[in-house]
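Worksheet: one structure, shown below.
Protein chains: 4
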Amino acid sequence: MPLTPDQISEIESARATPRHTLRAVSEGMEAHLYRAHEVLDHGFVRVIDYMGDDGAIVQAARVSYGAGTKAARDDAGLIRYLMRHWHSTPFEMCEVKLHVKLPIFVARQWIRHRTANVNEYSARYSIMDREFYIPAPEQLAAQSQVNNQGRGAVLDGPEAARVLEILKTDAARSYDHYEEMLSQEGKQGLARELARMNLPANIYTQWYWKTDLHNLFHFLRLRADRHAQYEIRVYAETIARIVADWVPAAYGAFEDYRMGGATLSAKGLDCLRRMLAGEAVTQENSGMSKGEWREFEQLIAGN
Amino acid sequence: MPLTPDQISEIESARATPRHTLRAVSEGMEAHLYRAHEVLDHGFVRVIDYMGDDGAIVQAARVSYGAGTKAARDDAGLIRYLMRHWHSTPFEMCEVKLHVKLPIFVARQWIRHRTANVNEYSARYSIMDREFYIPAPEQLAAQSQVNNQGRGAVLDGPEAARVLEILKTDAARSYDHYEEMLSQEGKQGLARELARMNLPANIYTQWYWKTDLHNLFHFLRLRADRHAQYEIRVYAETIARIVADWVPAAYGAFEDYRMGGATLSAKGLDCLRRMLAGEAVTQENSGMSKGEWREFEQLIAGN
Amino acid sequence: MPLTPDQISEIESARATPRHTLRAVSEGMEAHLYRAHEVLDHGFVRVIDYMGDDGAIVQAARVSYGAGTKAARDDAGLIRYLMRHWHSTPFEMCEVKLHVKLPIFVARQWIRHRTANVNEYSARYSIMDREFYIPAPEQLAAQSQVNNQGRGAVLDGPEAARVLEILKTDAARSYDHYEEMLSQEGKQGLARELARMNLPANIYTQWYWKTDLHNLFHFLRLRADRHAQYEIRVYAETIARIVADWVPAAYGAFEDYRMGGATLSAKGLDCLRRMLAGEAVTQENSGMSKGEWREFEQLIAGN
Amino acid sequence: MPLTPDQISEIESARATPRHTLRAVSEGMEAHLYRAHEVLDHGFVRVIDYMGDDGAIVQAARVSYGAGTKAARDDAGLIRYLMRHWHSTPFEMCEVKLHVKLPIFVARQWIRHRTANVNEYSARYSIMDREFYIPAPEQLAAQSQVNNQGRGAVLDGPEAARVLEILKTDAARSYDHYEEMLSQEGKQGLARELARMNLPANIYTQWYWKTDLHNLFHFLRLRADRHAQYEIRVYAETIARIVADWVPAAYGAFEDYRMGGATLSAKGLDCLRRMLAGEAVTQENSGMSKGEWREFEQLIAGN
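The listed protein sequences derive, respectively, from chains Y, G, D and B.
Heads up, the first sequence is in our numbering, so the first residue is 1105 and it goes up one at a time.
Heads up, the second sequence is in our numbering, so the first residue is 1105 and it goes up one at a time.
Heads up, the third sequence is in our numbering, so the first residue is 1105 and it goes up one at a time.
Heads up, the fourth sequence is in our numbering, so the first residue is 1105 and it goes up one at a time.
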């Protein structure tokens, strides 16, 4: 369980005291505020704050004096238009701030998204908690034989058991040694900024992470994708469900045009037109490489 | 007067309906929401939305589960520490969204601050309003004789009158011609995206502009500075007063360390230490150029 | 003609003195260095500097010790793969610096691309040149009747003549008045930072603009698109031809996957699969709005 | 030794073939190209490419047609002026691309500088090398008693020996286990993207890192500072020496105004003026907190 009773009590206390505001309010998002959505074995995603709602996107696109339009239906139509034509700035007018607890190897992928604000728990200043990500058995996958950066089948019994044993004992030992090096009982105690180097990449860290809706959609498109590593994908999927409650119209457009959509090359478009005209198009007469053709076939077959 | 009765009524209606929220609320900022702070002859600054307060800075710096500390005094001390030591990320955790009406030549300086989100009124899509910035007589300054990008004394009578006449008649004529070119009465009507090129740089535009508190402070430091052009400085000063109400502790630290503070070079520090030790330091033995020495003297004299 | 004899002589002198370097060199780009590619009536694009070539993209993607692969063909294949799968960071490893002369209303669109470095000629510090963009007759288009931000047919005789007359005389008068306000003959002379506000948006400015290849591709995709305003599109097209000489493999991939490609929504993909399976799909049973269906039909028809 | 004979031979081969270019060339930087500057026990910094020199800063600041001024002395004066008055965009016109090998805990600090381009060696795709940072004995420091994120005295004999033993054996064991989990001899072999989670933060990674001179100076100011952690500071110091050879005038200005300079608060300036006027200023009558006063005293004492 990721939260201590003290932390739960802090969250409850923050949720107990609604206040008045004149700002745009998203009821769907208010329901999420401060609550911890559990991810992996010790991680979570918590919404700390947000700015804007679907109406704020329309309001900014129109540079209007009041709120969005009266009719929610018109707003949704405009939002779909903006998404379809790659307008990015109106979506940047919504902002969200999350508190995330995540393994360091996930944090290292996540931080590559540069258009965001981050405050991470400091292992120079503070002592890390004894919490490590240990994959569930069904996530213990072999190296893919066809994709250098993918997973294959789930590991079999003895091999799986050995991997779990290694991960657990190495994590425990490295943390024991971390504590021993830090300890000042009868000795000086190594500096925190040095002792942390012994800790493996599956230890949990946490941060406050803030970004705008446009950049969040970009993050979700890459990280909720089936090619993303499972351990970051579950965070992205959790956030996606929250966003669907926050800005339902924008999320609907995002799902249709980005998550569920696809990009075709000029060659792909040409093949498609020939196929619709009844021509038998093959890799040989497509102008595509074998790899591209395979991806193209999968796309039009829908798998 | 910058606002029409319709616009005022939209603002009043937005202010009339407080709602509940669990988010951090800044009472000082709620009082500003949606109201138009008048700037120059037709411009304004309106707060459309905000995220966070002083406590949110502390909360992010500590990556904490609850809100900031109980004691506002401790928060202020930590905020001063963060500002003094150039910590930027906790200040990035607050965000503000403004609706600004401003002359195009001011907008062209403003947009140079790239870490911000902008939706500008489109002159490709819409027709510009007939509103131009005409300087007040006391702002009609001569070219500075000592500073290539500064102002000297206020212009004298006939010259001032002639300048005002030029600005007013050219603005009126260019707008008449803009309307004539657009007009479709008995003719085709020039495309809006072309007709706008006839409009001078003192016509007003408007935009939604959103940025975080760290980048806003950077904007204020450069644009509320006495070397900034008057016409952008008055916008910066208006925003500064709003920020003082929004995050009083952070603004206090900003005023002390950034606006009121100064940076000394290694040479400047060396001279200062020699002066404090009783030595008579002059430009000749300072190691500085004449220009640097003049700026150094002004700094320690406090003018 | 955009360049004075002095400027041409500076350019010739810069081109006359090749030096040795150990850096990656793109012969295609060396041929462009410093030369002015004329755009519109007084504008230009000049390459001032560049970093990297096709090999540099591969080298960075592989984090390799030496240069790219031996075989240019392998490089091109990898570059196509990176483009197809939206890898952006290897393309960020190439950089280009341009000197551009352009009308202010074009500059105002251009500057919206924030991930770039800009030094613009300062009208606070310096005096602007008397150069204005006056559209060629075939560019004098009417407002589109179907697209609020587009152009329709070219204007007819008397209306066209009147528009050109307005643009020319207003430009000339505003510049005469600009000079008169600045003049210090027998008077003080208005500050440059104020006088400039009388100049219309078709006056030319110039800047140094530097960006990386990934962001440049994004710029080209939006600005060389047929929906972009003609006056910025000609700059984008000029730059596109330069990029094709600089990094031919990357440009080829960009043309196929971005410029010539298209994005389909989930609904669009679904319709396509049904059509390929022989079903008669219409707007009514497509799940799309009329506007979306029209765009979808154009896409698969290839016009 | 960080480089294999193959890598050294690739570097030698890249250095053996100078080519002609018309671009700005910095002779000081050409001497560094591709060479590995060793840092820590297995790390390095290598210059892969650069754009611009001191003249390019001046050229951009003036938006000029040719190169910088004729006189290097004038260039240096202008560069000092630009640095003193916080002009950032001319410095952004120079760019550098580095290949860096560094421990992961250092990479995690480094990546916080967001305005940069990065391609990191992928542990999803590839297998990490068996190279770990083990501090030299004189860097094995105790936790500071006064600064939560600093180091105190060097550790004594038995404690130091025990720390080194832990770091070495844990690194070796974790890597042995990493290889065992990956191994496909007689079993499936765990996916690389999972196996890497067992590796500690002192394992070396490598990346291509590209940034502009303005942002590089910001990086150096924070990371070559005496408050920075030693392990990143040595990288910053290595880069600083390279930059001094690349753009000597800009680096000189940076040293004087940023590295050697200091920022005083409004309160600090006020105290200083009172001290220069002969007043005895103490913490009590300074208006500063004890912490601020201590820092102020250190600043004016020069230690």
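Cβ coordinates follow ideal geometry from the N, Cα and C atoms, glycine included.
In this model, Y:Thr1309 and B:Arg1378 are separated by some 48 angstroms (Cα to Cα). Across the structure, D:Phe1209 and B:Tyr1355 are spaced so that their CA atoms are roughly 37 angstroms apart. At a Cβ-Cβ threshold of 8 angstroms, D:Val1222 and D:Val1151 do not count as neighbours. Proximity to D:Glu1401 across Y:Leu1376, Y:Gly1395 and Y:Val1385 peaks at Y:Leu1376, based on C-alpha coordinates. If you check each beta-carbon in the stretch 1300–1330 of chain G against every beta-carbon of chain D, the ones closer than 7 angstroms belong to Arg1300, Met1301, Asn1302, Leu1303, Pro1304, Ala1305 and Asn1306.
If you draw a straight line from the Cα of Y:Ser1230 to the Cα of B:Asn1252, it comes to about 8 angstroms. Exposed is the label assigned to G:His1189, since fewer than 16 other Cβ atoms lie within 10 Å of its Cβ. Listed along the chain, the chain Y residues whose CB falls inside 7 angstroms of the CB of B:Ile1215 are Ile1215. Distance check between D:His1203 and each of B:Tyr1185, B:Ser1168 and B:Ser1192 places B:Ser1168 closest, using alpha-carbon atoms only. Its chain contains Pro1241 and Leu1244 as the residues whose beta carbon lies nearer than 7 angstroms to that of D:Ala1264, once the 5 sequence neighbours on both sides are disregarded; these appear in chain order. About 30 angstroms separates the beta carbon of Y:Arg1337 from that of Y:Arg1228, a gap too long to meet the 8 angstroms contact definition. Residue contact with chain D for Y:Ala1348: absent (no Cβ-Cβ distance below 8 angstroms to any residue of chain D). Using a CB distance below 8 angstroms, the part of the stretch 1351–1365 of chain B facing chain G consists of Glu1359, Asp1360, Tyr1361, Met1363, Gly1364 and Gly1365, ordered along the chain. A distance of 8 angstroms or more separates the beta carbons of B:Asp1153 and B:Val1351. The continuous stretches of alpha helix (DSSP H) do not include G:Glu1199, which lies in the beta strand (DSSP E) extending over residues Glu1199 to Pro1207.
Within chain G, the C-beta atoms nearer than 7 angstroms to that of B:Leu1368 come from Gly1365, Ala1366 and Leu1368, in chain order. Straight across, the Cα-Cα distance linking Y:Glu1284 with B:Met1133 is about 46 angstroms.
At a cut-off of 8 angstroms between beta carbons, D:Arg1377 contacts chain Y.
Within 7 angstroms of the CB of Y:Gly1156, the CB atoms of chain G belong to Asp1153, in sequence order along the chain. Considering only G:Arg1184, G:Glu1114, G:Ala1299 and G:Ala1370, the residue with the shortest C-alpha distance to D:Gln1333 is G:Ala1299. In the three-state reduction of the DSSP assignment, Y:Gly1256 falls in the strand class. Assignment of Y:Trp1350 by DSSP, reduced to helix, strand and coil, places it in the helix class. Chain-order list of chain B residues neighbouring G:Ile1161: empty, with the shortest C-beta distance near 18 angstroms, by a criterion of under 8 angstroms. In the structure shown, G:His1318 falls within a helical segment according to DSSP collapsed to helix, strand and coil. About 26 angstroms separates the beta carbon of G:Thr1125 from that of Y:Pro1109, a gap too long to meet the 8 angstroms contact definition. Contact of Y:Phe1400 with chain B is not assigned, every C-beta pair being separated by 8 angstroms or more. Residue contact check for Y:Ile1404 against chain D: a CB pair falls below 8 angstroms. Scanning its chain for C-beta atoms nearer than 7 angstroms, with the 5 sequence neighbours on each side dropped, one finds around D:Met1197 the residues Gly1156, Ala1160, Ile1161 and Ala1164, in chain order.
Taken in chain order, the whole beta strand (DSSP E) runs of length 3 or more contained in the stretch 1127–1183 of chain G are 1140–1143 and 1147–1155.
Think of a sphere of 7 angstroms around the beta carbon of Y:Lys1371: the chain D residues whose beta carbon falls inside it are Asp1360, in chain order.
With respect to chain Y, the C-beta atom of D:Leu1271 has no partner C-beta closer than 8 angstroms. According to DSSP, residue pairing for Y:His1124 in a beta bridge involves G:His1124. For G:Val1222, the uninterrupted beta strand (DSSP E) run begins and ends at Asn1221 to Glu1224, by DSSP. For a cut-off of 8 angstroms, the C-beta gap from G:His1217 to G:Asn1319 is around 7 angstroms, short enough to register as a contact. About 19 angstroms separates the CB atoms of Y:Glu1269 and Y:His1146; that is not less than 8 angstroms, and the two are not in contact. According to DSSP, residue pairing for B:Tyr1308 in a beta bridge involves B:Pro1207.
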